[in-house]
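*Asks:* This is the structure I have questions about; it appears just below.
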Amino acid sequence: MRGNFKIFLKGIIDVSPLMIPVVPFGLIFGILSIDIGFSPLATMAMSLIIFGGASQIILLQLFSGGASTLVIVSSVGAVNSRHLLYGAVVSEHLSDLKLIWKIIISYFLIDQAFAVSNKYFQKSNEKNKYFHLIGGGFTCWIIWQSTTFLGIILGSAIPEKLGLSFAVPLTFLAILVNDFRKLINVIVIVVSGLVALIGYNYIPYKAYVIVAALVGLLTALILTKIKKNYE
Amino acid sequence: MSDWLLIIYCGVITYLTRFSMIAILKKEMFNNRIREVLSYVPSAIFPAIIFPAIFLDNSGSFHFEDNPKILASIVAIIIGVISNNILATIISGLTAYWFLIFI
């Protein structure tokens, strides 16, 4: 069994390539938040307390549009509903841990750390493999807090023309690159994407994210069943 | 003050979505079939963020014509599938995007 620190380090190394697009995302968040009129302290608090890029950007968008607290909180909840599924996937590997570790690890269960650690968990039988997720999550935490801070300082100095928001879908696309080789995955990707596109304007509270995900999972359920029947 | 409450509420709901499943689910609750389906979670969820961000404009309307994000995404996918490398996917996508919007 490898040492805790070694696995922690492996988590840092594995997640690093995914951190590059987080940099512009954090900067954009900091700049936007100050622009909208949040104080530097409140902006920093958002990154520390919420620690979720998509949630924080949606919070800003809805807040600047004058949405009520209830609508904003439910939208953030809907956007975050994907974490329920992440939790369900990794919980299998964490079920023997003490509650205190589950409480700590939950704070770090973010998109990028989940993506790389879920792969690692499936290959590794080590009892202390959860340090991989802490390593990845901690790396993202450092990047997210420091880029938020930089964004606050830079204010409006960064040109909007750079179109850095494109880095967001690009990061998620990169995470899926392996799945583009498998037919069932490709179908699930297209189905989920189309449901999200159509639902974007018609499903309230930004719940299109969870609706699309559930339809995608249902598609996977059916297709894997059909595949099994043929084998 | 209400701004702070809003931030705290959003923080709590975000944390709970991360914590609840880890806290509730036990190892015995998973059979191979559930595990197989759950392996499709990333493919089911990420497109819900990717597609609107690429195909919709800021007002939520479809934006197909003259949309550099579509072409840049196609470049990123092709490079990604060939290289099987996350970093190469991101760099090729961003480079293609900047090339398209600045030239």
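Residue numbers (my numbering), protein chains in the order written: chain B, 1 to 231; chain G, 232 to 334. Ideal placement from N, C-alpha and C gives every residue a C-beta, glycine not left out.
(1) Check the Cβ-Cβ distances between Asp288(G) and every residue of chain B, and say whether any is below 8 Å.
(2) Taking all protein chains shown into account, decide if Lys10(B) is buried (16 or more other Cβ within 10 angstroms of its Cβ) or exposed.
(3) When you compare each of Asn185(B), Phe172(B), Leu84(B) to Thr320(G) by their alpha carbons, which one comes out closest?
(4) So, does the CB of Lys102(B) fall closer than 8 Å to a CB anywhere in chain G?
(5) For the alpha helix (DSSP H) holding Phe5(B), just list the boundary residues, first then last.
(6) Against chain B, with Cβ distances strictly below 8 Å, would Thr326(G) count as a contact?
(7) For Asp234(G), return the contacting residues in chain B, with the cut-off set at a CB-CB distance below 8 Å.
(8) What is the DSSP secondary structure of Leu223(B), reduced to helix, strand or coil?
(9) Here's the rule I'm using: 16 or more other beta-carbon atoms within 10 Å means buried, otherwise exposed. How should Asp35(B) be labelled?
(10) Taking only the alpha-carbon atoms, compute the straight-line gap between Leu99(B) and Ala167(B) and give it to the nearest angstrom.
(11) Mind checking whether Leu218(B) and Ile31(B) have CB atoms under 8 Å apart?
(12) Output, in chain order, the set of chain B residues within a Cβ distance shorter than 7 Å of Glu267(G).
(13) What's the gap between the Cα of His83(B) and the Cα of Thr248(G)?
(14) Verify whether the separation of the beta carbon atoms of Val195(B) and Val177(B) is less than 8 Å.
(15) Using beta-carbon positions only, say whether Leu287(G) and Phe295(G) come within less than 8 Å of one another.
(16) Using beta carbons (cut-off 8 Å, strictly below), is Thr69(B) in contact with chain G?
(17) Name, please, each residue of chain B whose Cβ falls closer than 9 Å to the Cβ of Asn315(G).
(18) Over what stretch of residues does the alpha helix (DSSP H) that includes Ser106(B) continue unbroken?
(19) Between Met44(B) and the rest of its own chain, which residues show a CB-CB distance below 8 Å, the 5 nearest in sequence each way excluded?
(20) For Leu287(G), which of helix, strand or coil comes out of DSSP?
(21) Going by DSSP, name the residue or residues bridged to Phe38(B).
(22) Is the region 109 to 119 of chain B in contact with the region 131 to 144 of chain B, if contact means three or more CB pairs nearer than 8 Å?
(23) Alpha carbons only, please: which of Phe282(G), Asn316(G), Ile317(G) is nearest the one belonging to Asn298(G)?
(24) Hey, does Ala212(B) have any beta-carbon neighbour from chain G nearer than 8 Å?
(25) In this structure, does DSSP put Phe295(G) in helix, strand or coil?
(26) Can you tell which of Ser55(B), Asp111(B), Asn128(B) has the C-alpha that lies nearest to the C-alpha of Asn4(B)?
(27) Return no unless some Cβ of chain G is closer than 8 Å to the Cβ of Ser91(B).
(28) Which bits of chain B does Val312(G) rub up against, with CB to CB less than 8 Å?
(29) Could you check whether the Cβ of Tyr120(B) sits closer than 8 Å to any Cβ belonging to chain D?
(30) Checking contacts by CB at 8 Å: is Asn125(B) closer than that to chain G?
(31) Anyone know if the C-beta pair for Leu237(G) and Val89(B) falls short of 8 Å?
(32) Counting only Cβ-Cβ distances shorter than 7 Å, please list the residues of the region 52 to 66 of chain B near chain G, keeping chain order.
*Replies:* Judging by the given coordinates:
(1) Here residue 288(G) is taken as the residue at index 57 of the second sequence, counted from 1. With 8 Å as the cut-off, Asp288(G) does not count as an interface residue toward chain B.
(2) Working through the first sequence from its first residue, we reach residue 10(B) at position 10. Per the 10 Å Cβ criterion, buried.
(3) If you number the second sequence from 1, residue 320(G) lands on position 89. Nearest of Asn185(B), Phe172(B), Leu84(B) to Thr320(G), Cα basis: Phe172(B).
(4) The residue given as residue 102(B) occupies position 102 in the first sequence. Yes, because at least one Cβ of chain G sits closer than 8 Å to the Cβ of Lys102(B).
(5) Within the first sequence, residue 5(B) is the residue found at index 5, counting from 1. Start and end: 4 to 19.
(6) Indexing the second sequence from 1 puts residue 326(G) at position 95. Cβ-Cβ to chain B under 8 Å: no for Thr326(G).
(7) Start at 1 with the first residue of the second sequence, and residue 234(G) comes out as number 3. Phe38, Ala42, listed in chain order.
(8) Taking the first residue of the first sequence as 1, we reach residue 223(B) at position 223. Leu223(B): helix per DSSP, three-state reduction.
(9) Here residue 35(B) refers to the residue found at position 35 when the first sequence is read from its first residue. Its Cβ having fewer than 16 others within 10 Å, Asp35(B) is exposed.
(10) Here residue 99(B) is taken as the residue at index 99 of the first sequence, counted from 1. Here residue 167(B) is taken as the residue at index 167 of the first sequence, counted from 1. Rounded to whole angstroms, Leu99(B) to Ala167(B) spans 36 Å at the Cα level.
(11) Against the first sequence, residue 218(B) aligns to sequence position 218. Against the first sequence, residue 31(B) aligns to sequence position 31. Taking the C-beta atoms as reference points, Ile31(B) is found no nearer than 8 Å to Leu218(B).
(12) Taking the second sequence and counting its residues from 1, one reaches residue 267(G) at position 36. Within chain B, the C-beta atoms nearer than 7 Å to that of Glu267(G) come from Thr224, in chain order.
(13) The sequence position of residue 83(B) within the first sequence is 83, counting from 1. The sequence position of residue 248(G) within the second sequence is 17, counting from 1. Cα to Cα, the separation comes out at about 6 Å.
(14) Translated into positions along the first sequence, residue 195(B) becomes position 195. Translated into positions along the first sequence, residue 177(B) becomes position 177. Not a contact, by the Cβ cut-off of 8 Å.
(15) Numbered from its first residue, the second sequence carries residue 287(G) at position 56. Numbered from its first residue, the second sequence carries residue 295(G) at position 64. Cβ atoms of Leu287(G) and Phe295(G): not closer than 8 Å.
(16) The sequence position of residue 69(B) within the first sequence is 69, counting from 1. By the rule that beta-carbons nearer than 8 Å mark a contact, Thr69(B) touches chain G.
(17) In the second sequence, residue 315(G) corresponds to position 84, counting from 1. Those within 9 Å of Asn315(G) in chain B are Val177, Asn178, Arg181.
(18) Working through the first sequence from its first residue, we reach residue 106(B) at position 106. Counting along the chain, the alpha helix (DSSP H) containing Ser106(B) begins and ends at 99 to 107.
(19) Translated into positions along the first sequence, residue 44(B) becomes position 44. Cβ within range, chain order: Gln145, Thr148, Phe149, Ile152.
(20) Taking the second sequence and counting its residues from 1, one reaches residue 287(G) at position 56. Three-state DSSP puts Leu287(G) in a strand.
(21) Taking the first sequence and counting its residues from 1, one reaches residue 38(B) at position 38. Per DSSP, none; premise fails for Phe38(B).
(22) With the cut-off at 8 Å, the region 109 to 119 of chain B and the region 131 to 144 of chain B touch.
(23) Counting from one through the second sequence, the residue named residue 298(G) turns up at place 67. Asn298(G) has its Cα closest to that of Phe282(G), out of Phe282(G), Asn316(G), Ile317(G).
(24) Mapped onto the first sequence, residue 212(B) falls at position 212. For Ala212(B), the answer is yes, since a Cβ of chain G falls inside 8 Å of its Cβ.
(25) Here the question's residue 295(G) lines up with position 64 in the second sequence. Here Phe295(G) sits in coil by DSSP.
(26) For the purposes of this step, residue 4(B) is identified with residue 4 of the first sequence, where counting begins at 1. Among Ser55(B), Asp111(B), Asn128(B), the Cα nearest to that of Asn4(B) is on Asn128(B).
(27) To locate residue 91(B), count along the first sequence from 1; it is residue 91. Ser91(B) counts as touching chain G.
(28) Taking the first residue of the second sequence as position 1, residue 312(G) is located at position 81. Simply Val177, Phe180, Arg181.
(29) Reference to chain D is not applicable here, since the protein chains of this structure are B and G.
(30) Residue numbering aside, residue 125(B) sits at position 125 when the first sequence is read from its first letter. Answer no: the Cβ-Cβ gap between Asn125(B) and chain G never drops below 8 Å.
(31) Along the second sequence, read from residue 1 onward, the residue named residue 237(G) stands at position 6. Along the first sequence, read from residue 1 onward, the residue named residue 89(B) stands at position 89. No, they are not a contact pair.
(32) Gly52, Ala54, Ser55, Leu59
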